[in-house]
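The block underneath contains the structure these notes are about, expressed in structure tokens.
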Amino acid sequence: MTIPELFVLMMQELPHEKDSHIMWWMMNNMMTRANITVFIDGLTEALSTIDEASPGYAKDRIERISTIEGLSDSALETLYQIVAEIYCAVGAVAVADRDAAGNPIFKDEPRAVSGGKNPEFSSQFESIKYAVEVKSPSLIQYRKSRAIKDVQLTTRIPGATTIFPDVTLPRDNPVKDFVISANAKFEELATVDDGFRILTIVWDRNMNEVVAALTSEVSGLFTDRSFHRAVDGDRVRYPFIDGVVICDYQLTIAHAFRNEIDLTFPAEFMNYHAQTTPKAFITCPDGRPVPEGLLRALGATRIELCHGTEYQPLEMIQWFDFPR
Numbered sequence: 495m496t497i498p499e500l501f502v503l504m505m506q507e508l509p510h511e512k513d514s515h516i517m518w519w520m521m522n523n524m525m526t527r528a529n530i531t532v533f534i535d536g537l538t539e540a541l542s543t544i545d546e547a548s549p550g551y552a553k554d555r556i557e558r559i560s561t562i563e564g565l566s567d568s569a570l571e572t573l574y575q576i577v578a579e580i581y582c583a584v585g586a587v588a589v590a591d592r593d594a595a596g597n598p599i600f601k602d603e604p605r606a607v608s609g610g611k612n613p614e615f616s617s618q619f620e621s622i623k624y625a626v627e628v629k630s631p632s633l634i635q636y637r638k639s640r641a642i643k644d645v646q647l648t649t650r651i652p653g654a655t656t657i658f659p660d661v662t663l664p665r666d667n668p669v670k671d672f673v674i675s676a677n678a679k680f681e682e683l684a685t686v687d688d689g690f691r692i693l694t695i696v697w698d699r700n701m702n703e704v705v706a707a708l709t710s711e712v713s714g715l716f717t718d719r720s721f722h723r724a725v726d727g728d729r730v731r732y733p734f735i736d737g738v739v740i741c742d743y744q745l746t747i748a749h750a751f752r753n754e755i756d757l758t759f760p761a762e763f764m765n766y767h768a769q770t771t772p773k774a775f776i777t778c779p780d781g782r783p784v785p786e787g788l789l790r791a792l793g794a795t796r797i798e799l800c801h802g803t804e805y806q807p808l809e810m811i812q813w814f815d816f817p818r
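Counted the way this note's numbering counts, the sequence shown spans residues 495 to 818.
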């Protein structure tokens with residue numbers, strides 16, 4: 495589907511009357527002033543690229559966006575999730591191997607059985623097959639908590655809430671839910687596809703929260719001290735996940751939605767392989783070793799090679815008057 499065709503489809507599917515949809519003001523500007531925002535420009539560019547590899551993808555995602563109801567934070571975060579999935583998918587298509595007909599090797603929502611569980615997509619890069627599940631958490635309210643409380647816990651330090659009763663608590667339960675969900679989807683897909691299996695978590699700039707939830711020696715899900723325990727007391731394992739990619743792109747999506755970014759080339763919004771904050775890759779100890787070639791496809795750097803506090807499994811943070 496071409497970009498002009500996508501513009502027409504969006505005008506047909508997305509309401510532009512005041513307060514009628516989470517994207518109403520963008521559509522109103524587009525239809526009444528021919529003003530196309532960075533958000534719409536990057537989104538349509540990405541959808542058009544993916545649609546060439548998977549016909550029908552663009553129409554399906556625009557229809558999904560059109561069904562979002564209300565103007566609440568929940569509605570906005572539903573939009574962020576859909577856009578995060580598109581962002582990761584266009585990254586896979588951009589570097590995918592080609593089949594005999596010259597088409598990118600990419601499959602939207604692959605399933606082992608009709609109606610079964612599925613990750614976001616599967617693809618192939620340098621003959622390496624892989625599938626990706628994408629998760630983007632609800633962080634709007636959590637960001638507000640970060641902004642008003644001086645102390646933030648990112649792990650389950652015993653007794654910490656007694657010493658610091660008014661704290662921002664860890665956001666590790668959503669990470670646990672993401673890992674459980676991805677493992678279940680990949681377990682079903684593994685019956686028909688032996689490719690590598692990757693969970694991508696699209697967070698904001700505080701990626702250390704995810705790093706801590708997975709790797710902290712206090713309670714990390716990928717450690718022997720995991721807070722997620724089986725009935726027998728052992729930590730729960732995730733054998734169908736080979737690794738986790740963490741990126742901070744939810745923040746960029748939020749800025750683009752508010753039209754707060756000024757890019758020389760607007761389509762750079764939604765360019766997965768553009769130069770940005772490094773995406774961190776964490777190996778799942780229960781999965782298989784992931785080759786370097788796949789990391790290139792994922793645009794990711796092993797966590798050991800990522801520098802900066804956002805890549806450290808900090809257990810507790812004391813905030814001063816800095817952006818959070």
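Idealized CB from N, CA, C, for every residue including glycine.
Using C-beta distances below 7 Å, list every residue in its chain close to residue i, excluding the 5 sequence neighbours before and after it, in chain order.
| i | result |
| --- | --- |
| G793 | G585, Y766, H767 and K773 |
| K643 | D660, V661 and T662 |
| L573 | I516, I559 and I562 |
| Y805 | M701, N702, V705, A774 and I797 |
| V712 | T649, R650, I651, R719 and E809 |
| C582 | E614, V626, V628, T694 and Y766 |
| G610 | E682 |
Which of helix, strand or coil does DSSP assign to residue i?
| i | result |
| --- | --- |
| I530 | coil |
| C741 | strand |
| K512 | coil |
| F763 | coil |
| V669 | helix |
| I776 | strand |
| R752 | coil |
| C800 | coil |
| R558 | helix |
| T795 | strand |
| T685 | coil |
| T543 | helix |
| T771 | coil |
| T538 | helix |
| T662 | strand |
| Q806 | coil |
Beta-carbon within less than 8 Å of residue i's beta-carbon, same chain only, minus the 5 sequence neighbours each way: which residues are those?
| i | result |
| --- | --- |
| Q635 | D567 |
| I497 | T538, E539 and S542 |
| I622 | G689, F690, P785, G787, L788 and A791 |
| I556 | L500, L503, M504, E507, L508 and L541 |
| T685 | A606 |
| R723 | R729 and V730 |
| V589 | F619, H767, R790 and A791 |
| I580 | L537, A540, L541, I544, R555 and M764 |
Near residue i, which residues of its chain fall below 6 Å by C-beta distance, leaving aside the five closest residues on each side in sequence?
| i | result |
| --- | --- |
| M521 | L508 and H510 |
| I545 | Note that residue 545 corresponds to Asp in the displayed sequence, not to Ile. Same-chain partners within the cutoff: M495, Y551 and A552. |
| L693 | E627, A676, I735 and V738 |
| R699 | D742 and L745 |
| N529 | N523 |
| I534 | M520 |
| E703 | T648 and R665 |
| S639 | T662 |
| P631 | P668 |
If I follow the unbroken alpha helix (DSSP H) through residue i, where does it start and stop?
| i | result |
| --- | --- |
| A872 | As displayed, the chain neither begins before 495 nor continues past 818, which places residue 872 out of reach and without an answer. |
| T709 | N702 to T709 |
| A791 | E786 to L792 |
| L500 | I497 to E507 |
| I695 | Note, I695: premise wrong, no alpha helix (DSSP H); beta strand (DSSP E) at F690 to V696. |
I need the boundaries of the beta strand (DSSP E) containing residue i, first residue and last residue.
| i | result |
| --- | --- |
| D602 | F600 to D602 |
Should residue i be counted as a contact of the ligand HEM given a C-beta to heavy atom distance under 8 Å?
| i | result |
| --- | --- |
| M524 | The ligand HEM is absent from the structure shown, which contains no ligand whatsoever. |
Review point. Are there three or more Cβ pairs, one per stretch, closer than 8 Å when the region 658-677 is compared with the region 592-601?
Key: As far as the Cβ criterion goes, the region 658-677 does not touch the region 592-601, which means the pair count is below three.
Exercise for review: Answer yes if the region 775-782 comes into contact with the region 603-614, meaning at least three C-beta pairs across the two stretches below 8 Å, and no otherwise.
Suggested key: Fewer than three Cβ pairs drawn from the region 603-614 and the region 775-782 lie within less than 8 Å of each other, which leaves the two stretches out of contact.
**Study point:** Every unbroken beta strand (DSSP E) inside the region 616-651 [3 residues or more]
**Key:** Counting only runs of 3 or more, we get 622-629 and 645-647.
**Study point:** Inter-stretch contact at 8 Å, needing at least 3 Cβ pairs: the region 673-689 / the region 608-618
**Key:** A contact exists between the region 673-689 and the region 608-618.
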